[in-house]
Structure formats: C-alpha cells, structure tokens
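In what follows, a single structure is set out as structure tokens and then discussed.
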Amino acid sequence: VQQNIHILSDRGAHFIGPGSGVLACKTVGEGRMIEPQEVVDAALSLLNKQSDLAGKKILITSGANHEPIDPVRFIGNRSSGKMGRAIAQEAVLRGAEVTVITGPADVPPPASSNVIEIQTAQEMYDAVMQHLPEADIIIGAAAVSDYRVENPTGHKQKRNGSGLHLDLTENPDIIAAVGAQKRSDQLVIGFAAETNDLIANAQAKLKKKNLDMIVANTVGTPDSGFGSETTDARFIFSNGTIDEHPLMKKTQLAERLMTQIVELLNARAN
Ligand code: C5P
Numbered sequence: 001v002q003q004n005i006h007i008l009s010d011r012g013a014h015f016i017g018p019g020s021g022v023l024a025c026k027t028v029g030e031g032r033m034i035e036p037q038e039v040v041d042a043a044l045s046l047l048n049k050q051s052d053l054a055g056k057k058i059l060i061t062s063g064a065n066h067e068p069i070d071p072v073r074f075i076g077n078r079s080s081g082k083m084g085r086a087i088a089q090e091a092v093l094r095g096a097e098v099t100v101i102t103g104p105a106d107v108p109p110p111a112s113s114n115v116i117e118i119q120t121a122q123e124m125y126d127a128v129m130q131h132l133p134e135a136d137i138i139i140g141a142a143a144v145s146d147y148r149v150e151n152p153t154g155h156k157q158k159r160n161g162s163g164l165h166l167d168l169t170e171n172p173d174i175i176a177a178v179g180a181q182k183r184s185d186q187l188v189i190g191f192a193a194e195t196n197d198l199i200a201n202a203q204a205k206l207k208k209k210n211l212d213m214i215v216a217n218t219v220g221t222p223d224s225g226f227g228s229e230t231t232d233a234r235f236i237f238s239n240g241t242i243d244e245h246p247l248m249k250k251t252q253l254a255e256r257l258m259t260q261i262v263e264l265l266n267a268r269a270n
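According to my numbering, the sequence shown is numbered sequentially starting from 1.
Written out as structure tokens, the structure is:
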C-alpha cells in the first residue's frame, strides 16, 4: 500500500485520510475512512486551486541533455526530470496550458501537457525560442549541458591504446537568453543547483540571467537535488528577499512554487 501511495503521489494524486478511531476489528487507531464531508471539502479545495492559472501558458524546460561524442556515446548529467515533472503537473492541475521541453529523464512529463522531446542543449534552445513568444511564464528546471563536443564523429570511436582528447564548446545559456529578451508581461524563473556558496551563487545567476526569481537548492546530498524525491529550496528575488523552504517532496515544492508565481502575477496586475 505504501509503495502504491508513493507511486500515485508521484503522479500528482492527492491524498486525504485515513481517519482514526474505533476500527472494524474493534481496535482503536488510524485506518477509518475519512468522513464524507471531509472528502467533499478536500475535493472542492482542489477544484478551487485548479482555476488560479487558467488562461496562462507555461513553458518548462526539464531533464538532462545528451551531447553526442559519437553515434553511441554521449556526455550527460544526473538530472531525473522529477522537479520539472512535478512543476508541470501542478501547473496543469491549476488550469494552465503547459508545454514541457524535456531532455532525457527518468520520469516522463504529465500526459496532459504538451511534450517536446529533445536530446541536446542546442535542440532545447531552438524549441524554447520557438515557443517563447506565446508563453506567459517560463521555468528553467532543466539541467542544461553547459558544453557540447565540438566535433562528434559519425562513426563509433575505437580504443587505440592511447588516451582520447575531446574538445568542448560552450552551449547557449537558454534561460539567460530568455531573460535577455523577456517582455514586461512575461515571468522568468530559473533554478540554481549548487554544492557550495548556495545563496551567493544563486543571487549572481538571478542577476546575470535577468530572472524574476531563482529557486536555489543543494545538490550532492542524498536527500536533495538530482534524482531524489525531496529537495530543500530557497526562493530568491531581485529585491533581496529570500524565502526558505525546508526539505520536502518535490511535488510539495512545486505547489509552493506555483502559489508564489500566482502571487507574483497578482502583484503585477495590481
Ligand atoms: O547551470 P546553471 O547553474 O547556470 O543553471 C541555472 C539556471 O539556468 C537553471 O534554471 C538552468 O535550467 C538554466 N540554464 C540554461 N541553459 C544553460 C545553463 C543553465 O537554461 N546552458
């Protein structure tokens, strides 16, 4: 049961209950069906939630990139796509029209989003630029590969008894390009996954990439960052404000992120 709860929760299902009290077997404890009214209330609050991003178009980058070395090998990273998926799921639940541009990932984006699959950072850049004009909100949750192999070979490279030297070229910084050309009606949000000097590094990226907000989280620990179900996070804004969020499930963080985005949109509207 616990494993099934885990799977469903990852897919974005919401849970209430069980209630506690006298059970059918006469023992007292957790295991009763929750009261029908509580089920109705919980469903209604979800329905209310669904409307607050209605009419908004959200563009999300997610997952890793594979940069080819030859037809069978690539340079990649450990991104699982779990954060991007959780954000997309939450945005769909709140009524947004969601496009996910995803590189290779362990989990697929939600079926109810418009999914564009790419491999390399350059392909991700091209897809983002194509969909950028119609987007209201752009969220860069992908672990974009900063470098690509300059001259991938068309044939499988053989070992030849000596080392292999690869020349790497910088890829475009996708979210920085989005930040540089964003319209005043567009919100751009990035992520900063850091192993050290988290706040200072994230603040520098927020400024350099002209973002409205950056989500800073620690990587390199078992329960936060790449591949894990949970993450810690700070929401950092250009006015210097920092909101701390303790270690929590990525799905819960996605809920908080969307609530924060709605607040930013409302603040702009007033
Ligand atoms: O890699 P870095 O820490 O600079 O990533 C910060 C943010 O920039 C993330 O939101 C990431 O998705 C984005 N990024 C990007 N293109 C790159 C590198 C990073 O969009 N080439």
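We treat Cβ as the ideally placed atom computed from N, Cα and C, and that holds for glycine.
Run of the alpha helix (DSSP H) containing residue i, from where it starts to where it stops
| i | result |
| --- | --- |
| H131 | 121-131 |
| S9 | 2-10 |
| L164 | No alpha helix (DSSP H) contains L164, which DSSP labels as neither H nor E. |
| L198 | 198-208 |
| I118 | Segment: none, I118 is in no alpha helix (DSSP H) and carries neither H nor E. |
| A180 | 174-180 |
Heavy atom of ligand 1 within 7 angstroms of residue i beta-carbon
| i | result |
| --- | --- |
| N171 | yes |
| K205 | yes |
| G17 | no |
| K209 | yes |
| A88 | no |
| A200 | no |
| T230 | no |
| G240 | no |
| T27 | no |
| I261 | no |
| I60 | no |
| A141 | yes |
| D197 | no |
| F191 | yes |
| V144 | yes |
| A121 | yes |
| I174 | yes |
One or two residues paired with residue i in a DSSP bridge
| i | result |
| --- | --- |
| R159 | Note: R159 sits in no beta bridge, so no partner. |
| A233 | H245 |
| L253 | Answer is none; L253 lacks a bridge partner. |
| K57 | E97 |
| S62 | T102 |
| I189 | I139, M213 |
| P68 | F74 |
Exposure label - residue i; buried when at least 16 CB within 10 Å
| i | result |
| --- | --- |
| V1 | exposed |
| P71 | exposed |
| S62 | buried |
| M33 | exposed |
| D197 | exposed |
| K208 | exposed |
| Q3 | exposed |
| K250 | buried |
| K158 | exposed |
| V22 | exposed |
| R85 | buried |
| H66 | buried |
| L211 | buried |
Test: residue i CB closer than 8 angstroms to a CB of chain C
| i | result |
| --- | --- |
| V144 | As a matter of chain content, chain C is missing from the structure shown, which is built from one protein chain. |
Residue range of the unbroken beta strand (DSSP E) whose run includes residue i
| i | result |
| --- | --- |
| M33 | Unbroken run through M33: none, as it is neither H nor E. |
| G140 | 137-140 |
| E75 | As written in the sequence, residue 75 is Ile, which differs from the Glu given in the question. I75 -> beta strand (DSSP E) spans 73-75. |
| N217 | 213-218 |
| V149 | 147-149 |
| V22 | 19-22 |
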